[in-house]
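Residues are numbered in this note's numbering as their position in the sequence shown, beginning at 1, plus a constant of 335.
Data first, discussion second: the structure below is written as structure tokens.
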Amino acid sequence: MSIAAAVEVKGWCPGVLQPMQSGDGLIARVRPRGGAIGLTEAKALAEAAERFGNGHIDLTRRANLQLRGLSEASLKELQDAVSTLGLLDRDARTEAVRNIMVAPLAGIDPGEALDVRPLARALEKGLAEDVALHDLPSKFGFLVDGGGGISIAGERADVALRAVGKRIALGLDTRSGTEWIGWAAPETAVKAALAAARAFLGVRREQRRLRDVDDQDLARLRSALAPMLHAMEDDMPIASHRPLGVLSFGANRFAVGVAASFGRFEAHQLWNFATMSEEAGAADIRLSPWRSLYVEARDITSARQLVDVARDTGLIVDAEDPILRIDACPGAPACRSSSVDTRHDARLLATLKFKGNVHVSGCTKGCARSAPADLVLVGEHGRYKVIRNGTANDTPERTIAAEEAGALFDV
Ligand code: SF4
336 MSIAAAVEVK
346 GWCPGVLQPM
356 QSGDGLIARV
366 RPRGGAIGLT
376 EAKALAEAAE
386 RFGNGHIDLT
396 RRANLQLRGL
406 SEASLKELQD
416 AVSTLGLLDR
426 DARTEAVRNI
436 MVAPLAGIDP
446 GEALDVRPLA
456 RALEKGLAED
466 VALHDLPSKF
476 GFLVDGGGGI
486 SIAGERADVA
496 LRAVGKRIAL
506 GLDTRSGTEW
516 IGWAAPETAV
526 KAALAAARAF
536 LGVRREQRRL
546 RDVDDQDLAR
556 LRSALAPMLH
566 AMEDDMPIAS
576 HRPLGVLSFG
586 ANRFAVGVAA
596 SFGRFEAHQL
606 WNFATMSEEA
616 GAADIRLSPW
626 RSLYVEARDI
636 TSARQLVDVA
646 RDTGLIVDAE
656 DPILRIDACP
666 GAPACRSSSV
676 DTRHDARLLA
686 TLKFKGNVHV
696 SGCTKGCARS
706 APADLVLVGE
716 HGRYKVIRNG
726 TANDTPERTI
736 AAEEAGALFD
746 V
């Protein structure tokens, strides 16, 4: 497929083989394998972002790295570089279907019931090998969670696998959230996850997500999977814990978590973080869907040193930083659909006192956040539509100028 044809595909998540056009050039999304990127690979990607793009690297809500500002000429060079790193898939369809989030502390947090990285790899392999599954809509995704304290099981994914003891629970995304429909041994659970995706293809008409199928079709899916699963015996409480800075798990295990405003890392920040993580004893960098990176550290001293260096390079190491409660898409001038500089305005809002969370979106597409936010500002003709307790697509109560946004917090 030519680049011109590739960038015209609507509703497609950009890959390295199939980029997406944006206001600042082509966007290429690099999907990690098993939720992690090796330190050498992270440094090479940072260098590639600088050399072939504009140096901006976004950590997406699906825990991928997105390089921006590429040209048609530099894209081929990026593809060659990503191929050398072993991160390139054999074709765009195989790349698009490899849509798997993995718990960022898998194999590091001793509190996890199981190291789920082999499950994630088996799922990746199954998706790559079953060509029929390459018809899945590009937004259809999976998550694999180890059952630890820093869990991704509360995130929305069409099919979820979560360790509960040595068993794996399987969840389906429905209109009311994840429905945990049964459990199986790890190997069977991977087969069941792939079977769920096949069953979705069997019942879907225009739907792009599992949550959009009707109750009758959802019942058909449950029945198709029932022979592979045992009934759930208990409810499964899911904690939402997203710490940053130094993380201590006991048993002499430590990790470090860092974030960047709106998930935007600059190439030099990623390169420095990977370099210093190596010195701290890390083997790789883990990506989370809440736009933070995690690495293991060999001891508390190394962890503290890494946090200090990360802070010095402008990364966020405090989970209470108010900017983490604001989601903002790139907006203008990076995105042609926006008439407002969302991130500039969001940074001004972050200096004010506010409660809850805020979503600043360049348009009604709401790329930065699909879940409702307490306050949503949606750009239109250089002003913002105001929505409370909703999404970027909901009905606004009024329209305001950007400089009036601060007053909304006093209401
Ligand atoms: S929400 Fe709209 S303006 Fe923002 S990045 Fe998406 S398409 Fe562009």
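Don't be surprised by glycine CBs; every beta carbon is placed ideally from N, CA and C.
As the structure is a prediction and not an experimental result, all values here were calculated from the model.
ask   = Is Cys664 near ligand 1, in the sense that its beta carbon is under 6 angstroms from a heavy atom of that ligand?
value = Checking the Cβ of Cys664 against ligand 1 gives yes.
task = Could you tell me if Leu361 is buried or exposed, where buried requires 16 or more neighbouring beta carbons within 10 angstroms of its beta carbon?
result = The C-beta of Leu361 has 16 or more other C-beta atoms within 10 Å across all chains shown, which makes the residue buried.
query = If we count the other Cβ atoms within 10 Å of its Cβ and call it buried at 16 or more, is Ala586 buried or exposed?
reply = Exposed.
query = Regarding Cys702 and ligand 1, is the C-beta to nearest heavy atom distance less than 6 angstroms?
reply = At least one heavy atom of ligand 1 is nearer than 6 angstroms to the Cβ of Cys702, so yes.
task = Could you name the residues of the same chain whose beta carbon sits closer than 6 angstroms to that of Asp508, not counting the 5 residues immediately before and after it, in chain order?
result = Exclusion of the five residues before and after Asp508 leaves Arg491, Asp493, Leu545, Arg546 as the residues of its chain whose Cβ lies within less than 6 angstroms of its Cβ.
ask   = Roughly how far, in whole angstroms, is the beta-carbon of Thr734 from the beta-carbon of Tyr719, given that I think they are within contact range, below 8 angstroms?
value = With a Cβ gap of about 7 angstroms, Thr734 and Tyr719 count as contacting.
request  = Say yes only if the C-beta of Cys348 is nearer than 6 angstroms to one or more non-hydrogen atoms of ligand 1, and no if none qualify.
outcome  = Every heavy atom of ligand 1 is 6 angstroms or more from the Cβ of Cys348, so no.
inquiry  = I'd like to know if the segment 349 to 361 and the segment 404 to 421 are in contact, where contact means that at least 3 CB-CB pairs between them fall below 8 angstroms.
reply    = Short answer: they touch.
request  = Buried or exposed for Val592, please, with buried defined as at least 16 other CB atoms from any protein chain shown within 10 angstroms of its CB.
outcome  = In the sequence as displayed, the identity of residue 592 is Gly instead of Val. Per the 10 Å Cβ criterion, buried.
inquiry  = Tell me the rounded alpha-carbon separation between Leu400 and Leu394.
reply    = One C-alpha to the other measures close to 5 angstroms.
task = Less than 8 angstroms between the CB atoms is what I'm expecting for Lys501 and Leu449, so what's the real figure, rounded?
result = Yes, Lys501 and Leu449 are in contact; Cβ-Cβ is about 6 angstroms, under 8 angstroms.
request  = Would you identify the three-state DSSP class for Ser583, choosing helix, strand or coil?
outcome  = Looking at Ser583 - three-state DSSP - the assignment turns out to be strand.
query = For ligand 1, any of its heavy atoms closer than 6 angstroms to the Cβ of Ser575?
reply = Using a cutoff of 6 angstroms, the CB of Ser575 does not count as near ligand 1, since none of the ligand's heavy atoms is closer than that.
message = Using C-beta distances below 7 angstroms, list every residue in its chain close to Glu385, excluding the 5 sequence neighbours before and after it, in chain order.
response = Excluding residues within five positions, the ones whose Cβ falls inside 7 angstroms are Ala602.
message = Let me check you understand the geometry: is the CB of Ser673 closer than 6 angstroms to at least one non-hydrogen atom of ligand 1?
response = Checking every heavy atom of ligand 1 against the Cβ of Ser673, one is found closer than 6 angstroms.
task = Provide the residue span of the beta strand (DSSP E) that contains Glu715, from first to last.
result = It spans 708 to 715 - the beta strand (DSSP E) in which Glu715 sits, taken as one unbroken run.
inquiry  = Residues in the same chain with beta-carbon distance under 7 angstroms from Ser672, minus the five sequence neighbours each way, listed in chain order, please.
reply    = Gly697, Cys698, Lys700.
request  = Keeping to the same chain, check which residues put their C-beta closer than 6 angstroms to that of Cys702; ignore five residues upstream and five downstream.
outcome  = Hits under 6 angstroms: Cys664.
key: Glu430 vs Gly350 beta-carbon contact at 7 angstroms   = It is a contact, given that the beta carbons lie within the stated cut-off.
key: Segments assigned alpha helix (DSSP H), at least 4 residues, entirely inside the segment 336 to 413   = If we require 4 residues or more, the alpha helix (DSSP H) runs fully inside the segment 336 to 413 come out as 338 to 343, 374 to 387.
request  = Just tell me which of Ile661, Gly358, Ala667 has its CA closest to the CA of Lys690.
outcome  = Lys690 has its Cα closest to that of Ile661, out of Ile661, Gly358, Ala667.
Through-space distance from Gly483 to Gly597, alpha-carbon basis = The identity of residue 597 in the sequence shown is Phe, whereas the question assumes Gly. Whole-angstrom Cα-Cα distance: 25 angstroms.
ask   = Counting pairs of Cβ atoms below 8 angstroms between the segment 452 to 460 and the segment 417 to 426, do you hit three or more?
value = The segment 417 to 426 and the segment 452 to 460 do not touch, with fewer than three beta-carbon pairs separated by less than 8 angstroms.
Near ligand 1: Ser705 beta-carbon under 6 angstroms from a heavy atom = Checking every heavy atom of ligand 1 against the Cβ of Ser705, none is found closer than 6 angstroms.
inquiry  = Taking the alpha helix (DSSP H) that Leu683 belongs to, which residues open and close that run?
reply    = 677 to 685 is the span of the alpha helix (DSSP H), which, as asked, contains Leu683.
message = For a test of the three-state rule: what should DSSP assign to Trp625, helix, strand or coil?
response = Assigned with DSSP and collapsed to three states, Trp625 falls in coil, not helix or strand.
ask   = Helix, strand or coil for Pro731 per DSSP?
value = Looking at Pro731 - three-state DSSP - the assignment turns out to be coil, as it is neither helix nor strand.
query = For Ala488, which of helix, strand or coil comes out of DSSP?
reply = Note: Ala488 maps to coil in three-state DSSP.
ask   = Using the rule of at least 16 other Cβ atoms within 10 Å of the residue's Cβ for burial, across every protein chain shown, is Leu683 buried or exposed?
value = Label assigned to Leu683: exposed.
task = Look up Val548 in the DSSP assignment and say whether it is helix, strand or coil.
result = In the structure shown, Val548 falls within a coil segment according to DSSP collapsed to helix, strand and coil.
request  = To the nearest angstrom, report how far apart Glu568 and Arg497 are at their CA atoms.
outcome  = Cα atoms of Glu568 and Arg497: separation of roughly 15 angstroms, rounded to the nearest angstrom.
ask   = How many Å lie between Ile487 and Glu631 at the Cα?
value = Ile487 and Glu631 have their C-alpha atoms some 18 angstroms from each other.
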